[in-house]
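Trainee: In the numbering used here, each number is its position in the sequence shown, counted from 1, plus 49.
We treat Cβ as the ideally placed atom computed from N, Cα and C, and that holds for glycine.
No experiment lies behind these values; they were computed from the predicted model shown.
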Amino acid sequence: MRVAVIGTGYVGLVAGAALADFGQQVICLDKDASKIELLRQGQTLIYEPGLPELAQRNLQAGRLQFSTDVEAAVRRSEVVLIAVGTEGLPDGRVNMTAFYEVAQQTASAMEHYTVIVIKSTVPVGSAAELTRLIHQHQKTPVPFEVVSNPEFQREGSAVKDFFKPYRIVLGVGSEGAIEIMKEIYRPLLAAGTPLVVTSNETAEIIKYAANAYLALKVSFINEIANLCDRLDCDAQAVSAALCLDPRIGRYLSPGPGFGGSCLPKDTAALIQQAQAAGVKMQMVEAAVEVNNAQANHIVGKVKSRLGTLRGCTLGVLGLSFKGNTDDVRCSPSIRICELLLAEGARLRVHDPTANRNARALLTSSQVVFCSSPYEAASEAHGLLILTEWEQFSSLDLRRLKAVSHGDVLVDARNILDPKAVIEAGFSYDGVGRQARPLDPEAVLTPGGSLKRVISAP
Ligand SMILES: NC(=O)c1ccc[n+]([C@@H]2O[C@H](COP(=O)([O-])OP(=O)(O)OC[C@H]3O[C@@H](n4cnc5c(N)ncnc54)[C@H](O)[C@@H]3O)[C@@H](O)[C@H]2O)c1
């Protein structure tokens with residue numbers, strides 16, 4: 050099948066390369082001509098494990114192409130995926146400018162029956178609005194279908210998630226479009242991926258509900274962790290014990306709060322859509338409120354050790370919003386850096402992949418970008434670990450201590466062994482975690498999940 054993917058960012062590039070891998074003929078499109086040129090040369094630009102290999106394999110096989118010519122690509126395609134950005138506006142509404150721009154381009158180029166698939170996260174009612182717009186802008190009135198097919202990939206494991214999704218959600222109005230979508234996702238359905246077929250509107254709200262629920266979990270465990278800090282309890286053990294109950298599941302790691310390009314804007318958009326419908330989303334609003342306070346909570350840990358931060362040098366490890374990605378959009382690390390700068394601190398920052406993106410956000414002359422954790426720690430009065438990069442959990446702590454000028458270490462991701470940190474000469478502050486050795490009976494992985502459980506006698 051011939052497929053056009055409009056918007057070649059984190060979602061569009063992964064989807065386009067993966068669909069090409071399934072055997073479809075895919076053209077990925079973007080309005081950014083320099084990005085398209087680099088993609089043609091085999092450079093994927095974003096850091097996403099497995100993506101360069103996937104893109105190159107399909108580029109070389111001739112199944113994957115890149116272009117800026119949306120109209121030509123639409124004319125040759127049976128299926129058009131829209132995966133442009135839908136950023137949040139300050140009042141919580143969604144910026145639909147790019148989405149409607151490509152909708153009009155698609156409409157005016159269509160010359161035959163086309164299935165238009167919405168991959169972008171869009172407010173409820175967007176598929177209906179897209180249908181209206183296409184009717185309005187079609188030059189040749191040909192039949193078409195609009196399918197809502199929200200994307201649930203996680204940055205950092207987007208390729209893996211695309212090939213092994215928890216479910217495929219299709220909001221669709223006709224059997225014909227369902228059959229075409231089943232063909233697109235044939236290998237995933239053959240492997241047993243659950244398929245949820247529903248109305249466009251329900252598919253649209255499923256995406257917002259999923260992200261709101263994830264946000265609730267993050268804020269819930271952070272609230273518990275902050276209480277554990279006060280009551281001398283271990284939030285890591287609480288999390289591990291909770292996760293053993295399948296009704297509770299996973300995704301309960303205390304930390305600096307949720308961020309990234311999705312959860313903050315999608316919770317805001319859900320609250321705003323509910324308000325417009327006369328409904329108050331009390332739990333989602335509370336999750337956002339808890340999250341907004343979490344960065345201050347982390348800064349408070351450094352301040353309680355160092356007193357004033359004015360004139361202090363702090364080493365910051367991790368700038369991306371989570372490990373395994375170079376994405377710094379709404380990163381809690383960036384927010385914490387801004388708060389530390391406002392307190393008068395000087396920062397030496399390092400991230401394995403996100404330094405380049407973070408330079409655009411951390412423009413203060415008080416920020417020095419460093420090429421290694423040890424360079425960031427050099428002459429620092431305190432250290433903060435803000436992103437759960439695998440390599441930060443195996444740092445040479447004695448070497449870090451030797452280059453530092455202080456002994457404060459705040460582990461905002463709970464990835465270090467407190468005992469080892471203290472033995473290296475630092476103080477230890479985690480999130481809801483006490484500075485004592487872990488119970489050897491319950492070994493925790495850096496993400497907070499249990500690696501091994503030995504049942505109590
Ligand atoms: N990033 C994620 O992990 C993720 C996960 C699930 C859903 N989503 C949703 O998917 C959508 C895309 O997210 P993303 O992170 O890939 O965004 P992104 O910003 O990485 O990529 C969007 C791309 O669209 C391009 N674009 C914008 N306007 C265009 C136009 N008029 N014509 C052609 N190209 C245009 C941009 O140049 C950019 O390359 C958003 O709605 C987002 O909420 C993202």
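Counting only the same chain and skipping the five closest in sequence on each side, list residues whose C-beta sits under 6 Å from that of S197.
Mentor: Correct list, in chain order: I167, A176, G220, N249, A252, E253.
Trainee: How is the alpha helix (DSSP H) around I385 delimited, first residue to last?
Mentor: Element bounds for I385: 381-391.
Trainee: Sorry if obvious, but does the Cβ on D118 come closer than 7 Å to a heavy atom of ligand 1?
Mentor: No; taking the cut-off as 7 Å, the Cβ of D118 has no heavy atom of ligand 1 nearer than that.
Trainee: Assuming the contact rule is C-beta atoms closer than 8 Å, C77 and V54 should be a hit. Round their C-beta distance to whole Å, please.
Mentor: About 5 Å; that satisfies the 8 Å criterion.
Trainee: Less than 8 Å between the C-beta atoms of L449 and L396, yes or no?
Mentor: Against a cut-off of 8 Å, the Cβ pair of L396 and L449 comes out as no contact.
Trainee: Suppose the cutoff is 6 Å on Cβ atoms and the five residues either side in sequence are ignored; what does the same chain contact list for V459 look like?
Mentor: Answer for V459: K350, V351, L433, D478, listed in chain order.
Trainee: DSSP puts C77 in a beta bridge; with which residues?
Mentor: Paired residue(s): V54, F115.
Trainee: Cβ-heavy atom distance between I320 and ligand 1 below 7 Å?
Mentor: Result no, Cβ not under 7 Å from ligand 1.
Trainee: Applying the 10 Å Cβ sphere with the 16-neighbour rule, what's the burial state of L271?
Mentor: Per the sequence presented here, residue 271 reads as Asn, with Leu not at that position. Classification for N271: buried.
Trainee: Just to confirm my understanding: we take D118, look at its own chain, exclude 5 residues before and 5 after, and list those with CB closer than 8 Å. What are they?
Mentor: If we look at D118 and ignore the five residues flanking it on each side, its Cβ neighbours are L78.
Trainee: Would you mind sorting R181 into buried or exposed? The rule is 16 or more other CB atoms within 10 Å of its CB.
Mentor: With fewer than 16 other Cβ atoms within 10 Å, it is exposed.
Trainee: Using C-beta distances below 8 Å, list every residue in its chain close to E120, excluding the 5 sequence neighbours before and after it, in chain order.
Mentor: The answer, listed in chain order, is Q154, S157, A158.
Trainee: Cβ of C379 versus every heavy atom of ligand 1: is any distance shorter than 7 Å?
Mentor: Because no heavy atom of ligand 1 lies under 7 Å away, the Cβ of C379 does not count as near it: no.
Trainee: So does the region 201-209 actually touch the region 87-103, counting three or more Cβ pairs closer than 8 Å?
Mentor: The region 201-209, when compared against the region 87-103, does touch it at the 8 Å Cβ threshold.
Trainee: Which residues share a DSSP beta bridge with G220?
Mentor: For G220, which the question treats as bridged, DSSP gives the partners S197, T247.
Trainee: Would you say the beta carbon of Y59 comes nearer than 7 Å to a heavy atom of ligand 1?
Mentor: Indeed, a heavy atom of ligand 1 lies less than 7 Å from the Cβ.
Trainee: Going by DSSP in three states, Y149 sits in which element: helix, strand or coil?
Mentor: Note: Y149 maps to helix in three-state DSSP.
Trainee: With DSSP as the reference, please indicate the residues paired to L433 in a beta bridge.
Mentor: According to DSSP, which records beta bridges pairwise, L433 is partnered with V365, V459.
Trainee: Is Y477 helix, strand or coil by DSSP?
Mentor: Three-state DSSP puts Y477 in a strand.
Trainee: Return yes when the C-beta of V164 is under 7 Å from any heavy atom of ligand 1, and no when it is not.
Mentor: No, Cβ of V164 sits at least 7 Å from all heavy atoms of ligand 1.
Trainee: Taking the beta carbon of E204 as the centre, do at least 16 other beta carbons fall within 10 Å, making it buried, or is it exposed?
Mentor: Buried.
Trainee: Please list the terminal residues of the continuous alpha helix (DSSP H) segment that includes F212.
Mentor: Start and end: 207-212.
Trainee: Taking all protein chains shown into account, do 16 or more other C-beta atoms lie within 10 angstroms of the C-beta of F399, making it buried, or fewer, making it exposed?
Mentor: The question names Phe, but residue 399 in the sequence shown is His. The residue is buried, with at least 16 neighbouring Cβ atoms inside 10 Å.
Trainee: Which residue marks the beginning of the alpha helix (DSSP H) containing H186, and which one marks its end?
Mentor: 175-186 is the extent of the alpha helix (DSSP H) around H186.
Trainee: Compute every distance between the C-beta of I76 and the non-hydrogen atoms of ligand 1, then say whether any falls below 7 Å.
Mentor: No; taking the cut-off as 7 Å, the Cβ of I76 has no heavy atom of ligand 1 nearer than that.
Trainee: Roughly how many whole angstroms lie between the Cα atoms of K468 and Q440?
Mentor: Roughly 18 Å between the two C-alpha positions.
Trainee: Using 10 angstroms around the beta-carbon of L435, count the other beta-carbons present and answer buried if the total reaches 16, otherwise exposed.
Mentor: With 16 or more other Cβ atoms within 10 Å, it is buried.
Trainee: Quick one, are the C-beta atoms of G559 and P381 less than 8 Å apart?
Mentor: What the structure shows of the chain is the stretch from 50 to 506, and residue 559 is not part of that stretch, so it cannot be assessed.
Trainee: Looking at V457 and ligand 1, is the gap between the Cβ and the nearest heavy atom below 7 Å?
Mentor: Not under cutoff, so the answer is no.
Trainee: Out of V195, T374, A391, which has the shortest C-alpha to C-alpha gap to N404?
Mentor: The shortest Cα separation from N404 among V195, T374, A391 belongs to T374.
Trainee: Using C-beta distances below 7 Å, list every residue in its chain close to R51, excluding the 5 sequence neighbours before and after it, in chain order.
Mentor: Around R51: Q74, R125, S126, E127.
Trainee: Can you name the residues that DSSP bridges to V164?
Mentor: V164 pairs with V128, E194.
Trainee: Whether or not the region 256-268 and the region 306-321 are in contact is what I'm after, with contact meaning three or more pairs of Cβ atoms, one per stretch, closer than 8 Å; do they touch?
Mentor: The region 306-321, when compared against the region 256-268, does touch it at the 8 Å Cβ threshold.
Trainee: DSSP state of V417, grouped into three classes?
Mentor: Reduced to three states, the DSSP call for V417 is strand.
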